[in-house]
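Number of protein chains: 2
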Amino acid sequence: MLSKKSQYAFKALTYLSEKFNEGPVLISEIAAKKKIPIKFLESILLELKKADILDSKKGKGGGYFLKQRPEKVKVATVIRLINGPIAMLPCVSLYFYERCKNCNEKHCGLHDMMIEVRDATLGIVENRTLKDLLV
Amino acid sequence: MLSKKSQYAFKALTYLSEKFNEGPVLISEIAAKKKIPIKFLESILLELKKADILDSKKGKGGGYFLKQRPEKVKVATVIRLINGPIAMLPCVSLYFYERCKNCNEKHCGLHDMMIEVRDATLGIVENRTLKDLLV
DNA sequence: GCATAGCCTACCAAGTCTGTGGACTACTTA
DNA sequence: TAAGTAGTCCACAGACTTGGTAGGCTATGC
């Protein structure tokens with residue numbers, strides 16, 4: 000399951016995608032429109048900024064805005080950043096790989112199956128962007 | 000990600016699948032062979048028994064054993080029982096559904112996408128059983 | 001130089017995950 | 001029927017994660 004934090008991140012990013020090229024948007028505006036606890040949202044946006052997805056401006060007329068065009072930001076990137084691994088097992092994860100003790104990956108049915116699940120999921124989330132989330 | 004508990008559950012079930020029709024297997028034997036903390040394993044097996052996947056016998060010559068044939072136990076069932084929802088969002092889950100506030104499910108890009116992910120995943124785990132985990 | 005608005009640090013309550021310990025109960029065998 | 005075996009149940013506990021809150025600091029614009 001995606002954490003609430005991830006869901007908030009997607010809501011905020013969707014909102015910022017709609018407002019793309021309209022200048023900085025206040026944290027408070029996003030929080031109000033998307034009903035997200037403001038201080039929690041603040042930390043999420045900061046994380047997205049550090050990952051180069053968002054940029055911000057301080058002071059009057061400031062706020063947050065997308066650093067890249069919505070169609071350049073992959074859903075998979077956001078999930079990995081805020082939620083963590085997409086795969087169901089560490090020994091099957093591409094970005095968070097950890098070797099599996101007591102399961103030689105060559106002969107493990109669960110392993111093989113989870114690779115299939117991973118690839119099926121990646122086939123979707125690697126090929127969608129923020130733009131695809133707008134309806 | 001699957002919890003360690005889930006991974007232990009699959010290891011134990013795989014072992015019991017191999018020993019299907021050979022009579023009860025001791026918790027301690029499973030724990031030793033699969034390197035699972037014995038008391039933790041105990042609670043997992045009990046949970047699987049309460050879900051009618053395993054059965055047990057007390058006293059000498061006792062132990063745990065599969066209640067149904069390995070090919071009758073779906074991987075999806077075990078994941079839902081031990082790990083929880085398979086879907087990435089509550090508003091998209093079949094067995095753990097919860098309505099999504101602030102996201103009318105008719106017009107939510109994230110929602111639609113996560114339905115695709117869910118179906119892709121279910122397409123795999125609903126059609127595999129313990130038997131498929133044996134190599 | 002003052003108001004604005006993001007930045008940063010610290011903290012916290014609740015819940016989940018991964019276990020451990022110990023007493024109790026049911027069953028088998030002698 | 002007593003002894004020993006093996007699952008059942010209950011309580012707890014430490015580490016980590018989740019979902020937040022509070023408040024001061026810093027940069028910006030007018």
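So the protein lines, in turn, are chains B and F. Per numbering that gives the first Met the number 0, the first sequence starts with residue 0, numbered consecutively. Per numbering that gives the first Met the number 0, the second sequence starts with residue 0, numbered consecutively. Ideal Cβ placement from N, Cα and C applies to all residues, glycine included.
Look up residue i in the DSSP assignment and say whether it is helix, strand or coil.
{"i": "B:SER2", "result": "coil"}
{"i": "B:SER92", "result": "coil"}
{"i": "B:PHE64", "result": "strand"}
{"i": "F:VAL24", "result": "strand"}
{"i": "B:LEU40", "result": "helix"}
{"i": "F:ALA133", "result": "Here residue 133 of chain F turns out to be Leu, not Ala, going by the sequence shown. Coil at F:LEU133, not helix or strand."}
{"i": "F:ASP54", "result": "strand"}
{"i": "F:SER33", "result": "The question names Ser, but residue 33 of chain F in the sequence shown is Lys. Of the three classes helix, strand and coil, the one that applies to F:LYS33 here is helix, per DSSP."}
{"i": "B:LYS105", "result": "helix"}
{"i": "F:LYS10", "result": "helix"}
{"i": "B:LYS73", "result": "strand"}
Out of curiosity, what's the CA-to-CA distance linking residue i and residue j?
{"i": "F:PHE19", "j": "F:ILE52", "result": "13 Å"}
{"i": "F:ASN126", "j": "F:LYS73", "result": "7 Å"}
{"i": "F:GLY58", "j": "F:ILE26", "result": "12 Å"}
{"i": "F:VAL124", "j": "F:ALA75", "result": "5 Å"}
{"i": "F:PHE95", "j": "F:ALA8", "result": "21 Å"}
{"i": "F:TYR14", "j": "F:LYS33", "result": "8 Å"}
{"i": "F:VAL116", "j": "B:ILE114", "result": "14 Å"}
{"i": "B:GLY61", "j": "B:VAL134", "result": "27 Å"}
{"i": "B:GLU41", "j": "F:SER42", "result": "41 Å"}
{"i": "F:GLY22", "j": "F:LEU45", "result": "17 Å"}
{"i": "F:LEU65", "j": "B:SER16", "result": "52 Å"}
{"i": "B:ALA30", "j": "B:GLN67", "result": "21 Å"}
Under 7 Å Cβ to Cβ from residue i, same chain only, skipping five residues before and after it: list those, please.
{"i": "F:ALA50", "result": "LEU80"}
{"i": "F:THR120", "result": "ILE85"}
{"i": "F:GLU104", "result": "CYS90, HIS110"}
{"i": "F:PRO69", "result": "SER16, PHE19, THR128, LEU129, LYS130"}
Please return the same chain residues whose Cβ sits closer than 8 Å to the Cβ of residue i, not counting the five positions on each side in sequence.
{"i": "B:ASN82", "result": "LEU1, SER2, LYS4, SER5"}
{"i": "F:CYS99", "result": "LEU88, PRO89, CYS90, CYS107, HIS110"}
{"i": "F:LYS71", "result": "THR128"}
Can you name, in chain order, every residue of its own chain whose Cβ lies under 6 Å from the Cβ of residue i, other than the five neighbours on each side?
{"i": "B:LEU93", "result": "none"}
{"i": "B:LYS48", "result": "SER55"}
{"i": "B:LYS10", "result": "LYS33"}
Do you know whose CA, among the options, lies nearest residue i's CA?
{"i": "B:MET87", "options": "B:ASP118, B:PRO69, B:GLN67, B:LEU45", "result": "B:ASP118"}
{"i": "F:THR128", "options": "F:VAL77, F:GLY62, F:ASP54, F:TYR14", "result": "F:VAL77"}
{"i": "B:ILE130", "options": "F:GLY122, F:LEU132, F:CYS107", "result": "Looking at the sequence shown, residue 130 of chain B is not Ile but Lys. Comparing Cα positions, the closest option is F:CYS107."}
**Message:** Short of 8 Å Cβ to Cβ, which residues in the region 1-19 of chain F face chain B?
**Reply:** LEU1, GLN6, PHE9, LYS10, THR13
**Item:** Short-range partners of chain B found in the region 55-85 of chain F, where Cβ spacing is below 8 Å
**Value:** VAL74, GLY83, PRO84
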